[in-house]
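Undergrad: Have a look at this one.
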Amino acid sequence: MVLLVRFGELALKSRFVRRQLRDRLVANIQDLFAAEGVECITEADEARVYIHVDDVANAHSILGRVFGVVSISPATEAHADLDSLRKVVLAEASRALSPGQSFALRPRRVGTHPFTSQDLARELGEAVRQAHPDVRVNLTQPDVEIHVEVRRNRGFVFQEIWPGPGGLPLGSQGRALAVVQDEAGMVAAWM
36 MVLLVRFGEL
46 ALKSRFVRRQ
56 LRDRLVANIQ
66 DLFAAEGVEC
76 ITEADEARVY
86 IHVDDVANAH
96 SILGRVFGVV
106 SISPATEAHA
116 DLDSLRKVVL
126 AEASRALSPG
136 QSFALRPRRV
146 GTHPFTSQDL
156 ARELGEAVRQ
166 AHPDVRVNLT
176 QPDVEIHVEV
186 RRNRGFVFQE
196 IWPGPGGLPL
206 GSQGRALAVV
216 QDEAGMVAAW
226 M
């Protein structure tokens with residue numbers, strides 16, 4: 036299983052600063068996983084950190100404490116071609132959909148591909164409809180949302196988006212000193 040880790044404010048910085056902040060975020064993630072004794076393999080590109088883990092629940096609780104993480108999604112990885120994505124989306128739909136439920140595909144792609152995001156939605160949605168004729172499409176309020184994210188030659192299929200603490204990575208800014216007199220002051224200093 037791969038976890039897609041999104042970071043937000045880093046995208047607003049220059050390329051050099053963005054790389055430094057991303058590297059600081061990856062180091063913080065690796066340090067916290069090592070401190071918890073959980074094995075992981077991390078890799079990063081300009082917009083995502085990818086974490087390969089076996090224990091998703093434990094990884095979720097760890098990543099929920101890493102500043103700089105905006106959101107996390109447990110995903111299944113596939114090659115970025117329609118046939119590979121179709122297989123993974125159908126497997127995800129079989130797990131998630133029950134008769135009578137509605138679904139929506141939420142595709143997103145980055146880079147140059149022989150298909151558009153609308154092509155993805157149309158092709159993959161039709162495959163789900165043919166495999167599960169007892170479900171319906173509802174793009175405004177679906178019972179199940181299946182996200183498909185294509186980045187270069189990799190595709191990721193997921194349903195859940197877990198929030199993270201956000202902000203900038205720990206250690207990327209200066210130090211601060213706070214005089215705290217009560218619990219409210221502690222929360223204010225932490226924020």
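36 is the number of the first residue of the sequence shown in the numbering used here; add one for each residue after it.
Where is the CB? At the ideal position from N, CA and C, for every residue including glycine.
#1: Given 8 Å as the limit, is there contact between the region 113-128 and the region 201-208, that is, 3 or more CB pairs closer than that?
#2: Count Cβ pairs between the region 59-77 and the region 208-216 that sit closer than 8 Å; are there 3 or more?
#3: Under 8 Å by Cβ, that's how I've got V123 and P109 pegged, so tell me the actual separation to the nearest angstrom.
#4: Confirm, please, whether the CB-CB distance from S137 to N173 is below 7 Å.
#5: Let's test the definition: count the other Cβ atoms within 10 Å of the Cβ of G220 and tell me whether it reaches 16, buried, or not, exposed.
#6: Determine the direct distance from the alpha carbon of V37 to that of T111, and round the result to whole angstroms.
#7: Within a Cβ cutoff of 6 Å, which residues of the same chain sit near I76, ignoring the five residues on either side of it in sequence?
#8: So, using beta-carbon positions, are L140 and L120 closer together than 7 Å?
#9: Any idea which residues DSSP pairs V185 with across the strands?
#10: Between the C-alpha atoms of V105 and V163, what's the straight-line distance to the nearest angstrom?
#11: Just how far apart, CA to CA, sit A62 and I107?
#12: Report the residue ranges of all beta strand (DSSP E) runs contained in full by the region 106-130; include only those spanning at least 3 residues, in chain order.
TA: Looking at the coordinates:
#1: Contact between the region 113-128 and the region 201-208 is not established, with fewer than three Cβ pairs separated by less than 8 Å.
#2: With contact defined as three or more Cβ pairs closer than 8 Å, the region 59-77 and the region 208-216 are not in contact.
#3: The C-beta distance from V123 to P109 rounds to 13 Å, too long to fall under 8 Å, and the pair is not in contact.
#4: Their beta carbons are under 7 Å apart, which means N173 touches S137 by this criterion.
#5: It is exposed - the Cβ of G220 has fewer than 16 other Cβ atoms within 10 Å.
#6: C-alpha separation (whole angstroms): 6 Å.
#7: Around I76: H87.
#8: No, they are not a contact pair.
#9: According to DSSP, residue pairing for V185 in a beta bridge involves R144, G190.
#10: Cα-Cα distance, rounded: 30 Å.
#11: One Cα belongs to A62, the other to I107, and the distance between them is close to 17 Å.
#12: Correct list: 106-114.
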